[in-house]
Amino acid sequence: MPARRGRRSALAAFLIALLAGGGFAWWRTRSSDAVAALAGKHPAPGELNVLVITLDTTRADRLGCYGFEGARTPNIDALAGDGILFENVAATVPLTFPSHSSIFTGLVPPRHGVRDNGGFFLDGAHVTLAERLREAGWATGAFVAAWVLESKWGLGQGFDEYSDRFQLSKYKVVSLGTVQKRGEEVAADAVRWIDQVRDRRFFAWVHLYDPHTPYDPPEPFASRHPGRPYLGEIEYTDFVVGKIFDALRQRGLWERTLVVLTADHGESLGDHGESTHAYFIYGATTRVPLVVRTPWDVRGRVAAQVSSVDIMPTILELARVPAPRGVQGKSLAGLL
């Protein structure tokens with residue numbers, strides 16, 4: 002019996018390795034075929050602007066495009082209808098700075114070394130999405146809404162402009178979790194910068210922190226959800242997203258811009274006894290939205306399980322820019 006069990010274990014291990022290797026090769030083949038098919042599209046992949054929007058603390062199952070009916074998110078829903086929605090996306094960690102480090106390096110936290118907010122730094126040896134795109138000729142700008150993403154922690158590498166100035170004097174208590182900017186202020190900064198670089202290819206990262214505690218949505222979003230301010234923040238964030246999209250359309254930039262919208266992590270909202278996030282890794286805090294909208298009329302939904310580390314190599318492949326060696330994520334171009 003022990004020998005038979007050992008043979009079964011060995012066979013199982015062999016089959017798992019075979020399927021994993023074959024699956025990865027198949028995925029890479031589909032990815033390469035997809036990029037080759039897009040090479041003749043207009044605009045060409047290498048001519049795209051890139052806009053990445055990260056929504057802080059946003060559960061996938063609190064957006065209309067993911068089936069939620071308790072809040073109005075028309076702008077994000079329209080983006081999903083105009084692009085590809087990934088149904089099963091896992092964040093690497095339910096913490097803002099480590100998760101963003103994974104999004105922009107394609108590495109999991111044990112590899113990039115950022116394990117918490119504050120006290121950890123993203124090593125300059127790790128190549129970021131901004132660095133790769135700037136080397137390839139894109140203007141690069143970041144516009145962050147939370148002090149926890151201040152450039153001193155390491156995410157500023159590769160950005161020509163990194164808007165992380167905060168008015169600390171207005172806070173009675175200064176902490177990493179409370180110092181923030183309203184979404185409209187962040188969006189306005191981003192649009193001003195886009196106006197300066199609109200004649201070039203640009204990569205803009207816009208980070209919106211409003212769904213994070215303390216929940217304090219402005220009107221009319223607060224009144225729409227009395228006693229449920231998180232939903233008011235979700236609706237306000239969608240409103241800000243719509244303002245960014247409108248600005249791109251008004252400037253004639255929408256039809257040559259690749260838009261990627263995701264979240265760094267979710268929020269427990271009382272599930273499993275946790276009110277916010279950072280302690281547990283249930284789906285409430287690790288399942289995040291991911292929508293990829295191209296100018297090429299590619300639409301649909303993808304049920305495959307993917308990760309936030311896949312975002313960086315996906316963007317680089319769609320822009321025809323080689324990914325750095327050692328990236329752990331896989332390009333999702335083949336799934337588009």
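For the sequence shown, the positions run 2 to 337 when our numbering is used. All residues carry an ideal CB built from backbone N, CA and C; glycine is no exception.
What three-state label does DSSP hand residue i in the structure shown?
i	result
GLU268	coil
PHE246	helix
ASN76	helix
GLY142	strand
THR59	coil
SER276	coil
VAL322	coil
GLY22	Note that GLY22 has pLDDT 40, beneath the 50 cutoff, so the model's placement of it is unreliable and the number below is only indicative. Note: GLY22 maps to helix in three-state DSSP.
TRP154	helix
TYR163	strand
VAL53	strand
ARG252	coil
VAL261	strand
VAL292	strand
ALA81	helix
ARG126	Looking at the sequence shown, residue 126 is not Arg but Ala. ALA126 falls in the coil class under three-state DSSP.
ILE17	Interpretation of ILE17 is limited by its pLDDT of 36, a score under 50 that renders its predicted location unreliable; the figure taken from the coordinates is listed afterwards. Looking at ILE17 - three-state DSSP - the assignment turns out to be helix.
Taking all protein chains shown into account, decide if residue i is buried (16 or more other Cβ within 10 angstroms of its Cβ) or exposed.
i	result
GLU268	buried
ALA147	buried
GLU236	buried
GLN251	exposed
ARG133	buried
GLY228	exposed
GLY274	exposed
PRO314	buried
SER100	buried
GLU48	exposed
PHE122	exposed
GLN197	exposed
ALA18	Caution applies to ALA18, whose pLDDT of 37 falls short of 50 and renders its modelled position unreliable; the model cannot decide the point.
TRP27	Summary for TRP27: the model assigns pLDDT 46, below 50, so the residue's position carries little reliability, and this model does not support an answer.
ALA305	exposed
ALA37	exposed
GLY24	Note that GLY24 scores 45 on pLDDT, short of 50, meaning its location in the model is unreliable; the coordinates nonetheless yield the value given after this. Per the 10 Å Cβ criterion, exposed.
ASP211	buried
GLY271	exposed
PRO221	exposed
Can you give me the start and stop residues for the beta strand (DSSP E) that residue i sits inside?
i	result
GLN306	301-308
LEU86	85-91
HIS43	Here HIS43 belongs to no beta strand (DSSP E), and DSSP marks it neither H nor E.
HIS208	203-209
With distances taken from CA atoms, which of the options is nearest residue i?
i	options	result
GLY120	THR129, PHE98, ALA137 and PRO111	PHE98
GLU1	LEU108, GLY107 and VAL322	The structure shown does not extend to residue 1, since the chain spans only 2 to 337, so no value can be given for it.
PRO292	ASN89, GLU70, THR58 and GLY47	At residue 292 the sequence reads Val, which differs from the Pro that was named. Of ASN89, GLU70, THR58 and GLY47, the residue nearest in Cα terms is ASN89.
VAL303	GLY71, GLU70 and GLY82	GLY82
LEU209	THR59, PRO219 and LEU336	THR59
PRO215	LEU232, TRP154 and ARG202	LEU232
LEU86	CYS66, GLU318 and SER103	CYS66
ASP239	ARG183, PRO325, SER103 and PRO95	ARG183
ARG294	GLU185, ALA334 and VAL307	ALA334
ALA189	PRO46, GLU151, GLY243 and HIS213	GLY243
ASP341	GLY157, LEU249 and ARG73	Only positions 2 to 337 of the chain appear in the structure, and residue 341 is not among them; the question remains open.
VAL328	ALA205, PHE105, VAL192 and PRO290	PHE105
GLY159	GLN181, HIS127 and PRO296	HIS127
ASN76	VAL260, ARG193, PHE281 and PRO219	VAL260
LEU64	LEU150, ARG193 and ALA285	ALA285
VAL94	ALA79, PRO111 and ASP78	PRO111
THR287	ILE195, VAL307 and TRP194	VAL307
ARG257	ALA37, HIS43, ASP34 and ALA35	HIS43
VAL149	SER164, THR141 and VAL241	SER164
GLU234	GLU185, GLY271, ALA91 and TYR280	GLU185
VAL192	GLY41, VAL241 and ALA35	VAL241
ALA35	ALA324, ALA320 and ARG326	ALA320
ASP62	ALA324, ARG326, VAL289 and VAL115	VAL289
GLY301	ALA79, THR74 and ALA72	ALA79
For residue i and chain D, any beta-carbon pair shorter than 8 Å?
i	result
ILE316	Absent from the structure is chain D; it holds one protein chain and no more.
Assuming residue i and residue j are in contact, meaning their beta carbons sit under 8 Å apart, how far apart are those beta carbons, in whole angstroms?
i	j	result
VAL299	GLY84	7 Å
LEU56	ALA264	4 Å
ILE54	LEU337	Not quite, the Cβ-Cβ distance comes to about 18 Å (not below 8 Å), so this is no contact.
LEU39	PRO46	6 Å
LEU1	ILE316	Absent from the structure is residue 1, since the part of the chain shown begins at 2 and ends at 337.
ASP124	GLY114	6 Å
Between which two residues does the alpha helix (DSSP H) containing residue i stretch?
i	result
VAL187	184-198
ALA223	222-225
ARG135	130-136
GLY105	It should be noted that the sequence gives Phe, not Gly, for residue 105. Element bounds for PHE105: 97-106.
PRO111	110-113
ALA285	284-287
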